[in-house]
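Some notes on the structure that comes next.
Protein chains: 2
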Amino acid sequence: MRKSEQAPSKTQPRARKTAARTTSPRAGRGRRPSRAEATPYHHGALRDALLEAAERVLERDGLPGLTLRAVAREAGVSHAAPTHHFGDLTGLVSELAAIGFRQFNAAMAAACGGELSINERAMARAKAYVAYAQAHPGMYGLMFRTERLDYSRPSLHEAAEASFAGLAGAIAAKRQETISEDGLTLDQAAAIARAWSLVHGFTMLLLDGRLKDIVDRLPGGGNAEMLLDAMLKMTVARD
Amino acid sequence: MRKSEQAPSKTQPRARKTAARTTSPRAGRGRRPSRAEATPYHHGALRDALLEAAERVLERDGLPGLTLRAVAREAGVSHAAPTHHFGDLTGLVSELAAIGFRQFNAAMAAACGGELSINERAMARAKAYVAYAQAHPGMYGLMFRTERLDYSRPSLHEAAEASFAGLAGAIAAKRQETISEDGLTLDQAAAIARAWSLVHGFTMLLLDGRLKDIVDRLPGGGNAEMLLDAMLKMTVARD
DNA sequence: TTTTTTATCTTTACATCGTAAAGATTGGCG
DNA sequence: CGCCAATCTTTACGATGTAAAGATAAAAAA
Numbered sequence: 052m053r054k055s056e057q058a059p060s061k062t063q064p065r066a067r068k069t070a071a072r073t074t075s076p077r078a079g080r081g082r083r084p085s086r087a088e089a090t091p092y093h094h095g096a097l098r099d100a101l102l103e104a105a106e107r108v109l110e111r112d113g114l115p116g117l118t119l120r121a122v123a124r125e126a127g128v129s130h131a132a133p134t135h136h137f138g139d140l141t142g143l144v145s146e147l148a149a150i151g152f153r154q155f156n157a158a159m160a161a162a163c164g165g166e167l168s169i170n171e172r173a174m175a176r177a178k179a180y181v182a183y184a185q186a187h188p189g190m191y192g193l194m195f196r197t198e199r200l201d202y203s204r205p206s207l208h209e210a211a212e213a214s215f216a217g218l219a220g221a222i223a224a225k226r227q228e229t230i231s232e233d234g235l236t237l238d239q240a241a242a243i244a245r246a247w248s249l250v251h252g253f254t255m256l257l258l259d260g261r262l263k264d265i266v267d268r269l270p271g272g273g274n275a276e277m278l279l280d281a282m283l284k285m286t287v288a289r290d
Numbered sequence: 052m053r054k055s056e057q058a059p060s061k062t063q064p065r066a067r068k069t070a071a072r073t074t075s076p077r078a079g080r081g082r083r084p085s086r087a088e089a090t091p092y093h094h095g096a097l098r099d100a101l102l103e104a105a106e107r108v109l110e111r112d113g114l115p116g117l118t119l120r121a122v123a124r125e126a127g128v129s130h131a132a133p134t135h136h137f138g139d140l141t142g143l144v145s146e147l148a149a150i151g152f153r154q155f156n157a158a159m160a161a162a163c164g165g166e167l168s169i170n171e172r173a174m175a176r177a178k179a180y181v182a183y184a185q186a187h188p189g190m191y192g193l194m195f196r197t198e199r200l201d202y203s204r205p206s207l208h209e210a211a212e213a214s215f216a217g218l219a220g221a222i223a224a225k226r227q228e229t230i231s232e233d234g235l236t237l238d239q240a241a242a243i244a245r246a247w248s249l250v251h252g253f254t255m256l257l258l259d260g261r262l263k264d265i266v267d268r269l270p271g272g273g274n275a276e277m278l279l280d281a282m283l284k285m286t287v288a289r290d
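Residue numbers (my numbering), protein chains in the order written: chain A, 52 to 290; chain B, 52 to 290.
Shown next, in the form of structure tokens:
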């Protein structure tokens, strides 16, 4: 093992590896280390552990820090272990993005759950959208700014589809219409595209820090929430 | 030189390197190859050539293909040549993004140049925004979805600032207001954020193919331009 | 229970990338 | 002419993704 491949500063050094194995792989065979602290060769639930590790790495180190090897280090396994469960980086990233979409959908569903008027519901949904992205910028970036997503994976496809369906349904409810299966009105389509573009664009610009100039010049030292609220009121309250 | 470092399939193989230099760097010293086809050791305008090569690579291979070494290959120089001119990848990418912002600003300025009404001007500007991104998806992605941009570089800072100023000015003109130096109305800020979010969000979703479902379900097989037009008319024409 | 198979994880290896450092070349200035 | 500084190349190193082969343990089969 190269020195450079060791974990940078793990608090819990791995007590694996049948005691100082040299180039001969059979040294010390059969000596099972006392079962208590030993990390078993077979993890048991490595797939989920890798996904959780990946989310930690992502939110800690950002998108460029989310590498296969970093995730493996975080999970305490060899750098090639993720390959078996996800194939390649695209696979891992896509599965993590699917989890993100499910969290995201749940957050929005929870936000517009109470007894709210139609307009309040739309506002709440939009605010939940931005709030999720602010709370999980890494995840949102993974979901919406990564070229390395494979939407042919069923889990990701379904989760992203559900997200879109939720949006379209919310718009339809607000317009007090029903969405036909086989087509959209130009007006419906434009309304959906407008709502999504507005909220997604605001979120992206906000996460990229590009609204900072605007927020800083707000009267009375406003914040992004104020800006979002004003922007939404401009739009939501009247169609 | 490692074999793996050679250009994959250049149509114009480099006739450099004083004829079959071996490990001894002084072989054939002084023999200057006939001045016609020889690539001079000193390029003369390598900085600009690298930027042009980078734009070609970006639009051909996308953001993940835009590497220092790929740019150097495209320009026909050694892989470390860009370092001297740009420091690192961030430097190259930031300078290229600055060029992108200038192109982008020029495209929008040209689009709203004729004698147009105020609303027509806003529409034209928005459409030029999206059209630039569609014509140069790589460049737009570089400008708006790269973490690796250094806005402390004067060229990039100025170009991006000009872009924002153009947007804010257009909004102010449309609202028939003037923008004060030291602050914005909440309403002004919201109008600027709204316009930018709407167009930027639409562009991002469009480039990511996320509007495909909507466009495909448009009546009469519409396209993205129709959708954009309808969306803008919903918004621009009445405030 | 014992043996075999299979899934899981590790090790090794390699091409690529960014970047640093040292060497080579050339234009310019004294 | 000789030196210097700018420019470009070569070499080198650590990191990454991924393939391939080996090791281990769980599961299945006998």
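Even for Gly, the Cβ is constructed at its ideal location relative to N, Cα and C.
Euclidean distance between Cα positions of residue i and residue j
i: E125(A); j: R107(A); result: 8 Å
i: V287(B); j: Q239(A); result: 17 Å
i: A182(A); j: V122(A); result: 26 Å
i: A184(B); j: L256(A); result: 16 Å
i: T141(A); j: I230(B); result: 46 Å
i: R53(A); j: L117(A); result: Because the pLDDT at R53(A) is just 35, under 50, the model does not fix this residue reliably, and the point stays unresolved.
i: A281(B); j: R245(B); result: 16 Å
i: K263(A); j: P91(B); result: 47 Å
i: Q227(A); j: Q227(B); result: 35 Å
i: M277(B); j: E209(B); result: 33 Å
i: P205(B); j: A213(B); result: 12 Å
i: Y202(A); j: G95(B); result: 46 Å
i: R261(A); j: V144(A); result: 26 Å
i: A223(A); j: R111(B); result: 40 Å
i: R98(A); j: L119(A); result: 13 Å
i: N274(A); j: F253(A); result: 13 Å
i: H187(A); j: M159(B); result: 34 Å
i: L258(A); j: L207(A); result: 23 Å
i: D233(B); j: A100(B); result: 41 Å
i: L109(A); j: H130(B); result: 31 Å
i: G165(B); j: A162(A); result: 46 Å
i: A216(A); j: A241(A); result: 15 Å
i: T115(A); j: L167(B); result: Here the sequence assigns Pro to residue 115(A), which means Thr is not the residue at that position. The alpha-carbon atoms of P115(A) and L167(B) are separated by roughly 45 Å.
i: K178(A); j: A221(A); result: 13 Å
i: E171(B); j: M285(A); result: 21 Å
i: L279(B); j: G272(A); result: 34 Å
i: H93(A); j: A211(A); result: 32 Å
i: Y180(B); j: L200(B); result: 21 Å
i: K225(B); j: K225(A); result: 29 Å
i: H251(A); j: G127(A); result: 36 Å
Integer Cβ distance of residue i from residue j, believed to fall under 8 Å
i: P270(B); j: L218(A); result: Actually they do not touch by this definition, with Cβ atoms about 20 Å apart.
i: A105(A); j: L147(A); result: 5 Å
i: L21(A); j: R176(B); result: Since the displayed chain A opens at 52 and closes at 290, residue 21(A) lies outside it and no answer follows.
i: S248(B); j: L249(A); result: 5 Å
i: I150(A); j: L102(A); result: 6 Å
i: E198(A); j: G189(B); result: Between G189(B) and E198(A) the Cβ distance is about 11 Å, and since that is not below 8 Å, they are no contact.
i: I243(A); j: I265(B); result: 6 Å
Is the region 188-196 of chain B touching the region 132-140 of chain B in the sense that three or more CB pairs, one from each, lie closer than 8 Å?
-> No, the region 132-140 of chain B does not touch the region 188-196 of chain B.
Segment contact, 8 Å Cβ cut-off, at least three pairs: the region 127-134 of chain B with the region 144-164 of chain B = The answer is no - the region 144-164 of chain B does not touch the region 127-134 of chain B, with fewer than three Cβ pairs under 8 Å.
Runs of alpha helix (DSSP H) lying entirely within the region 236-283 of chain B, each at least 4 residues, in chain order = Listed in chain order, the complete alpha helix (DSSP H) runs (minimum 4 residues) inside the region 236-283 of chain B are 237-258, 263-267.
Those runs of the alpha helix (DSSP H) which lie wholly inside the region 133-158 of chain A and span at least 4 residues = Within the region 133-158 of chain A, no complete alpha helix (DSSP H) run reaches 4 residues.
Which whole runs of the beta strand (DSSP E) in the region 176-224 of chain B are 3 residues long or more, in chain order?
-> Secondary structure remark: continuous beta strand (DSSP E) runs of at least 3 residues inside the region 176-224 of chain B: none found.
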